[in-house]
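> Next up is a structure, given as structure tokens.
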Amino acid sequence: MARRVIKSAKGPYEIKPSKESVWICMCGLSKKQPFCDGSHPSTLDEVDGKLYEYNKEGQRKEV
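In the working numbering, the protein residues as written are -4 to 58.
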């Protein structure tokens, strides 16, 4: 069953469980979930209040 996850953050969330930071994906596009893989820059030009869907190739469309 497919599911739709709606994320509104446009960057990762930093946590510090030890000396080194760990970055948690907040955009939903990382292929290393739950960790950030740097995919979030593609969300920076999204318009607040609009809903977007990304396919496996990272192409975006408004829904």
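Beta carbons are placed, not taken as given, at the ideal position from N, Cα and C, and that holds for glycine. A quick note: this is a predicted structure, and the numbers were derived from the prediction, not measured.
Do glutamine 28 and cysteine 59 count as a contact pair if the criterion is CB distance below 8 Å?
With the chain running from -4 to 58 in the structure shown, residue 59 is simply not present.
> For proline 7, which residues in the same chain have their Cβ closer than 7 Å to its Cβ, ignoring the five residues on either side in sequence?
Trp18, Ile19, Cys20, Met21, Cys31, His35
> Who are the near neighbours of valine 58 in its chain, counting only those whose CB is closer than 6 Å to its CB and skipping five residues on each side?
Leu46, Glu48
> With a threshold of 16 other CB atoms inside 10 Å of the CB of leucine 24, please say whether the residue is buried or exposed.
buried
> The beta strand (DSSP E) with isoleucine 10 in it runs from where to where?
8 to 10
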